[in-house]
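Numbering-wise, the sequence shown is residues 3 to 260 according to the working numbering.
No residue lacks a Cβ here, since even glycine has one placed at the ideal position from N, Cα and C.
What follows is a single structure, written as structure tokens, with notes after it.
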Amino acid sequence: MSMIAPGEVWLVGAGPGDPDLLTRKAERLICAASVVFHDALVGQGVLDLVPPHVRLVSVGKRSGRHSKDQTTIDQMIVDAAQSGERVVRLKGGDPSIFGRAEEELSACRTVGIPVHICPGVTAASAASAQIGQSLTLRGLARRLTFVTAHTKAGQVPDLDWSALADPQATLAVYMGKAAAKHVSAGLIAAGLPGDTPVVLVESASLPESTQFRSRLDLLPIAAQTALGDGPAIILIGAAMGVSENAVHARKTDLLALG
Ligand code: SAH
């Protein structure tokens with residue numbers, strides 16, 4: 003039996019770009035679909051796995067000059083399911099992290115369409131792998147916060163900076179490129195030191211990936227100069243400044259302290 007019944011919808015995480023980071027389940031779902039609606043962020047390598055008989059529809063924000071708005075996308079999914087298609091909605095990273103999943107889930111549920119989620123590797127995890135560093139770290143980063151700094155053009159993100167300015171946390175800022183100066187100013191004003199380590203990772207998991215190390219007070223200039231057109235995530239926190247050697251030294255110190 004097919005993994006997807008006619009009239010059923012799956013929101014599938016496509017991961018950060020590298021097709022090898024797709025789950026086996028995601029790949030099986032893609033092959034069982036009759037139609038795949040995908041975002042612009044879904045990597046070409048992943049789209050290449052969609053079999054030729056499956057209809058591939060781009061609803062992405064970067065792909066066309068006019069992005070489809072969320073209501074239109076919701077409607078396209080619902081229409082396809084109601085006409086008996088086996089629907090995969092393929093989303094970059096994990097569908098439940100800054101992926102507008104809730105809108106699509108409720109659009110389906112409201113009209114009685116069965117809908118499920120297949121998780122994916124989120125950008126923060128891909129970035130951690132890219133730079134070879136842990137996002138959490140005993141004693142230095144006990145908390146990991148995923149936050150989006152996305153705003154309507156030019157606006158200051160409405161974030162609770164004092165809640166975010168935790169020196170024992172790693173902050174993974176999604177969609178933060180445009181708001182980098184507000185992130186930097188907000189966190190410093192709320193008490194995070196200006197020399198807090200920052201790593202910017204662009205196109206994590208893809209061959210063209212780049213990474214750039216900076217500090218919180220220099221983040222605005224770093225975001226402006228070091229980043230290209232690819233998706234980028236900003237990792238902020240003491241744990242980001244710890245190189246492999248330093249971790250080793252710390253461990254030895256801790257052992258010596260007994
Ligand atoms: N659902 C996705 C996030 C969607 S929001 C996930 O779980 O990863 C889009 C933002 O994700 C981008 O603006 C960027 O901040 C981040 N992102 C997505 N793919 C990325 C990649 N390969 N490398 C770095 N950041 C990425």
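Query	Result
Residues near residue 35 by beta carbon distance below 7 Å, same chain, minus five either side	6, 56, 88, 89 and 90
Distance cut-off 8 Å: residue 153 Cβ against heavy atoms of ligand 1	no
Residue 204: CB within 8 Å of a non-hydrogen atom of ligand 1	yes
Alpha-carbon to alpha-carbon, residue 165 and residue 158	17 Å
Closer than 8 Å: residue 124 CB and nearest ligand 1 heavy atom	yes
Completely contained beta strand (DSSP E) runs for the region 18-75, where each covers 3 or more residues	37-40 and 57-60
Beta-carbon spacing of residue 18, residue 138 below 9 Å	no
Proximity winner among 61, 33 and 43, relative to residue 54 (alpha-carbon distances)	33
Sub-9 Å separation of residue 43 and residue 62 beta-carbons	yes
Any beta strand (DSSP E) of 3 or more consecutive residues that is wholly inside the region 149-210	171-176 and 199-204
Bridge-paired residues (DSSP) for residue 95	17
Heavy atom of ligand 1 within 8 Å of residue 173 beta-carbon	no
Neighbourhood of residue 221 by C-beta distance below 6 Å, restricted to the same chain and skipping five residues each side	182, 186 and 200
Cβ contact check for the region 110-119 and the region 140-147: 3 or more pairs under 8 Å	no
Own chain partners of residue 21 with C-beta closer than 8 Å, once the 5 adjacent residues on each side are dropped	45, 47, 48, 50 and 51
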